[in-house]
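See structure below.
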Amino acid sequence: MIETHNLSKYFTKRKQGSSIIERITRKSQEIVKAVDNVNLRIRKGELFGLIGPNGAGKTTFVKVLSTLILPNAGTATINGHDVTEEDALVRSQIGVLPGEFSRSLYWRLTGKQNLKFFAELYHIHDYSRINELIKLFGLKDWEDELLMRYSTGMKHKLALARALLNDPPVLLLDEPTTGIDPRASYDIKKLVKNEFSDKTILWTSHNLYEIDEICDRIAMINNGKIVLEGKPEDIKREGLEQEKITLVVESGESHWFSSVENARVVNEYLIEITSTNLKETLREILDITEDHNLTLKDLRTTAPTLEEVFIKQMEEEA
65 MIETHNLSKY FTKRKQGSSI IERITRKSQE IVKAVDNVNL RIRKGELFGL
115 IGPNGAGKTT FVKVLSTLIL PNAGTATING HDVTEEDALV RSQIGVLPGE
165 FSRSLYWRLT GKQNLKFFAE LYHIHDYSRI NELIKLFGLK DWEDELLMRY
215 STGMKHKLAL ARALLNDPPV LLLDEPTTGI DPRASYDIKK LVKNEFSDKT
265 ILWTSHNLYE IDEICDRIAM INNGKIVLEG KPEDIKREGL EQEKITLVVE
315 SGESHWFSSV ENARVVNEYL IEITSTNLKE TLREILDITE DHNLTLKDLR
365 TTAPTLEEVF IKQMEEEA
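If you want it as structure tokens, here you go:
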């Protein structure tokens, strides 16, 4: 389980256009709240997604949880161990795939040599775990090739295998599919979803489709603050509180539906409606159809996407 209470991490940066005197007196510095009073509880065995734009605080949050940087305020615990007070215990409980994963591997070693090196750091001397992971990630044919010859997707897989060497109960995955081809992305998502369902997983991303696809619950972070949290389907339903309806009728009959609220007659047979009360709108559509003896050839409803909710939230925060 991952739990944070009022967790905050601040940085200072120099203001643009500051004078030499301001720099000397440090009046040119301003505080950037990378993680601002974050309260989250990620349950055991849950695949939890953290989404947000670039610079929102996702990577900083992962770095605090993985004990790489200290928070300025608040607390964070991994399976009950405080990341500040019990950092060694925390590190024994986690596997981390950093956003800058290439820095966590050695390009002049083979894939297998990389895993052996990190296994020794974990005091793992039985290499059966390495062979198991190489097979699991489909890297058997490449285990003796230098890492520099790996594709980006293969490097991602090896980095994830490295994070799993000590079979940790908690995984912190910082944008694990960024920059890789669709096939490699699919393989990683399938492995995480199917093979590691017993682990507590934090998955950060700005790919809203994949977060919606694989995560049990999600949170949206912006300017260091959590602005939305819940199940993807609940966030989509509550975020926009509207659904789209597409109607197809016989040619020349579309004008009868122009009286429906938020209806747009696209052409003589196609109508698009944005509804905030789906049941009432559908009832009105059926009434019009019956009253005028119309032919309803097709009717489809489309729920709002996570991307639409995300954009709306970002516009409100701006």
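Going by the working numbering, the residue at position 148 of the sequence shown is 212; the numbering climbs one at a time, nothing skipped. Glycine included, each C-beta is placed from N, C-alpha and C at the ideal position.
At the level of alpha carbons, what is the spacing between D190 and Q157? For this step, residue 190 is matched to residue 126 along the sequence shown. For this step, residue 157 is matched to residue 93 along the sequence shown. About 19 Å.
Which ranges does the alpha helix (DSSP H) cover as unbroken runs of at least 4 residues, wholly within the stretch 246-282, from first to last along the chain? 246-259 and 272-278
Excluding the 5 residues preceding and the 5 following G202 in the sequence, name in chain order all residues of the same chain whose CB lies nearer than 8 Å to its CB. Within the sequence shown, the letter at position 138 stands for residue 202. The answer, listed in chain order, is K221 and D251.
On the three-state DSSP scale, how would you describe H69? Locating residue 69 in the sequence shown gives position 5, where the first residue counts as 1. Looking at H69 - three-state DSSP - the assignment turns out to be strand.
I believe L272 touches L211 by the beta-carbon criterion, under 8 Å. Please report the beta-carbon distance rounded to the nearest angstrom. Here residue 272 corresponds to residue number 208 of the sequence shown, with the count starting at 1. Here residue 211 corresponds to residue number 147 of the sequence shown, with the count starting at 1. Going by Cβ atoms, the distance from L272 to L211 rounds to 31 Å, so no, they are not a contact pair.
Per DSSP, cross-strand counterpart(s) of K77: As a working note, residue 77 is residue 13 in the sequence shown. Note: K77 sits in a beta bridge opposite E94.
Is the distance from the Cβ of Y214 to the Cβ of G175 below 8 Å? Mapped onto the sequence shown, residue 214 falls at position 150. Mapped onto the sequence shown, residue 175 falls at position 111. In contact: Y214 and G175 (Cβ atoms closer than 8 Å).
Considering only their Cβ atoms, is the gap separating A225 from L292 smaller than 8 Å? On the sequence shown, residue 292 is found 228 positions in, with the first residue counted as 1. On the sequence shown, residue 225 is found 161 positions in, with the first residue counted as 1. In this structure, A225 does not lie closer than 8 Å to L292 by Cβ.
Counting Cβ pairs closer than 8 Å, one from the stretch 182-198 and one from the stretch 120-137, do we hit at least three? no
Over the uninterrupted beta strand (DSSP E) stretch that includes G175, give me the two end residues. Translated into the one-based positions of the sequence shown, residue 175 becomes position 111. Not the beta strand (DSSP E): G175 falls in the alpha helix (DSSP H), residues G175 to L185.
Going by C-alpha distance, which of I335, I299, G217 and C279 is nearest I375? Here residue 375 is taken as the residue at index 311 of the sequence shown, counted from 1. The shortest Cα separation from I375 among I335, I299, G217 and C279 belongs to I299.
Helix, strand or coil at L334 according to DSSP, with G and I counted as helix: Taking the first residue of the sequence shown as position 1, residue 334 is located at position 270. Three-state DSSP puts L334 in a strand.
Beta-carbon separation (whole angstroms), K77 vs A98, contact threshold 8 Å: Position 13 of the sequence shown holds residue 77. Position 34 of the sequence shown holds residue 98. About 10 Å separates the two Cβ atoms, so there is no contact after all.
Inter-residue Cα distance where the pair is T124 and H145: Here residue 124 refers to the residue found at position 60 when the sequence shown is read from its first residue. Here residue 145 refers to the residue found at position 81 when the sequence shown is read from its first residue. Going from the Cα of T124 to the Cα of H145 covers about 19 Å.
Presumed contact (8 Å Cβ cut-off) between K289 and D100, rounded CB distance: Taking the first residue of the sequence shown as 1, we reach residue 289 at position 225. Taking the first residue of the sequence shown as 1, we reach residue 100 at position 36. The Cβ separation is near 5 Å, so the contact holds.
Should D351 go down as buried or exposed, given a rule of 16 or more other Cβ atoms within 10 Å for buried? The sequence position of residue 351 within the sequence shown is 287, counting from 1. Burial call: exposed.
To the nearest angstrom, report how far apart E314 and R328 are at their CA atoms. Taking the sequence shown and counting its residues from 1, one reaches residue 314 at position 250. Taking the sequence shown and counting its residues from 1, one reaches residue 328 at position 264. When rounded, the distance between both Cα atoms is 16 Å.
I'd like the list of long-range same chain contacts for R301, defined as Cβ closer than 8 Å, with 5 residues on each side in sequence excluded. As a first step, residue 301 must be located in the sequence shown, where it is residue number 237. A367 and P368, listed in sequence order.
Bounding residues of the beta strand (DSSP E) (the contiguous stretch that carries D362): Counted from its first residue, the sequence shown places residue 362 at position 298. Note, D362: beta strand (DSSP E), L360 to T366.
I need the boundaries of the beta strand (DSSP E) containing A140, first residue and last residue. Indexing the sequence shown from 1 puts residue 140 at position 76. Unbroken beta strand (DSSP E) run through A140: A137 to I142.
Where A327 falls: helix, strand or coil (DSSP): Residue mapping note: residue 327 aligns to position 263 of the sequence shown, counting from 1. Note: A327 maps to strand in three-state DSSP.
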